[in-house]
Ligand SMILES: Cc1cc2nc3c(=O)[nH]c(=O)nc-3n(C[C@H](O)[C@H](O)[C@H](O)COP(=O)(O)O)c2cc1C
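Laid out in structure tokens, this is it:
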């Protein structure tokens, strides 16, 4: 494994996008191990670490996931699935994002690896909270290793088949799928609502004056290197 890209924590936080267009090139196992070894550094309730991961590289299984994703896309976005040209009328950001979802729904079979995140049922009061920190660690580690990744749950429209296919025990819940691969697109600035719109000062609904005075894009410019600042197309 070549050394991970030297990228500061804040640059990674400000530029890790959901990259859904992936090359089919296989990911070396030492790189996959680094991803998982970073993921398990995450916090979990009582440090129970009840997360379990299935690293799917079997092309036959990934092909099945791909057909379930395509089915999920037509179920959840019937309008755009039947008339993809209707996406042209959407605002740019929404259009690009939806196009990349459509792309992955139709090309998931090309992904070299898909990681399934599971967690023990009934153990934690907010069970997802003990799994998703590991997901985010993995997404950031993928960013640093020059990989593209995203949470992609369309194949979970066929969860019972997936559980059967992979032999997931009954006491485990499926949380999400993360296809990983070398990306065709680049990381770049992520668009988010400003802090002032989502954070209150001491009491729900009370404005935070300091945040109100900050630019709506926050500190993006400070943390993005020139190469990613403009937010490339995906
Ligand atoms: C719990 C959760 C479920 C998600 N499910 C999907 C999904 O099924 N399909 C998908 O394309 N993206 C999914 N995403 C990814 C989000 O759409 C993505 O993170 C968001 O649009 C922001 O994208 P950006 O980071 O590139 O700006 C999911 C994210 C989370 C946290």
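Numbering (our numbering), first residue to last: -9 to 224. C-beta: ideal position from N, C-alpha, C; glycine also.
**OP:** Compare the Cα-Cα distances from residue 31 to each of 127, 151, 158 and 188 and report the closest residue.
**Re:** The candidate whose alpha carbon is nearest that of residue 31 is 127.
Subject >> Euclidean distance between Cα positions of residue 175 and residue 143 >> reply: Roughly 20 Å between the two C-alpha positions.
Original post:
Between residue 181 and ligand 1, is the CB less than 7 Å from at least one heavy atom?
Top reply: Yes.
Original post:
Unbroken beta strand (DSSP E) runs of length 3 or more, entirely within the region 159 to 218: which are they?
Top reply: Runs of the beta strand (DSSP E) lying entirely within the region 159 to 218 and spanning at least 3 residues, in chain order: 162 to 171.
**OP:** Specify, as a first and last residue, the run of the alpha helix (DSSP H) that residue 128 falls within.
**Re:** For residue 128, the enclosing alpha helix (DSSP H) has its first and last residue at 122 to 134.
Original post:
For the candidate residues 101, 80 and 168, whose alpha-carbon lies nearest to that of residue 122?
Top reply: Cα-wise, what sits closest to residue 122 is 168.
Original post:
With respect to 7 Å, is the separation between the Cβ of residue 8 and the closest non-hydrogen atom of ligand 1 below this value?
Top reply: Answer for residue 8: yes, Cβ within range of ligand 1.
**OP:** Leaving aside the five residues before and after residue 222 along the sequence, list all residues of the same chain whose C-beta is less than 6 Å from its C-beta, in chain order.
**Re:** At residue 222, the pLDDT of 45 sits below 50, so the modelled position is not reliable; the number obtained from the coordinates is stated separately. Once the five neighbours on either side are set aside, the close Cβ partners of residue 222 are 176 and 178.
Subject >> Contact between the region 158 to 168 and the region 106 to 115 (3+ Cβ pairs under 8 Å) >> reply: A contact between stretches requires three or more CB pairs, one per stretch, nearer than 8 Å, and the region 158 to 168 meets this requirement with the region 106 to 115.
Original post:
Below 8 Å between beta carbons: does that hold for residue 102 and residue 16?
Top reply: Cβ atoms of residue 102 and residue 16: closer than 8 Å.
Original post:
In this structure, does DSSP put residue 81 in helix, strand or coil?
Top reply: Taken through DSSP and simplified to helix, strand or coil, residue 81 comes out as coil.
Original post:
When DSSP labels each residue in this structure, what does residue 94 get in the three-state scheme?
Top reply: Helix.
**OP:** Could you check if residue 139 is buried or exposed, using at least 16 other CB atoms within 10 Å of its CB as the buried criterion?
**Re:** So residue 139 ends up on the buried side.
Original post:
So, is residue 3 buried or exposed, given that buried needs 16 or more other C-beta atoms within 10 angstroms?
Top reply: Counting C-beta atoms within 10 angstroms of its own C-beta, residue 3 has fewer than 16 neighbours from the protein chains shown and is therefore classed as exposed.
Original post:
Which word fits residue 58, buried or exposed, when buried means at least 16 other C-beta atoms lie within 10 angstroms of its C-beta?
Top reply: So residue 58 counts as buried.
**OP:** With hydrogens ignored, establish whether the beta-carbon of residue 168 is closer than 7 Å to any heavy atom of ligand 1.
**Re:** Not so, every heavy atom of ligand 1 lies at least 7 Å from the Cβ.
Original post:
Can you tell which of 213, 85, 182 and 100 has the C-alpha that lies nearest to the C-alpha of residue 53?
Top reply: Considering only alpha carbons, the answer is 100.
Original post:
Cα-Cα, which of 207, 186 and 43 is closest to residue 197?
Top reply: Cα-wise, what sits closest to residue 197 is 186.
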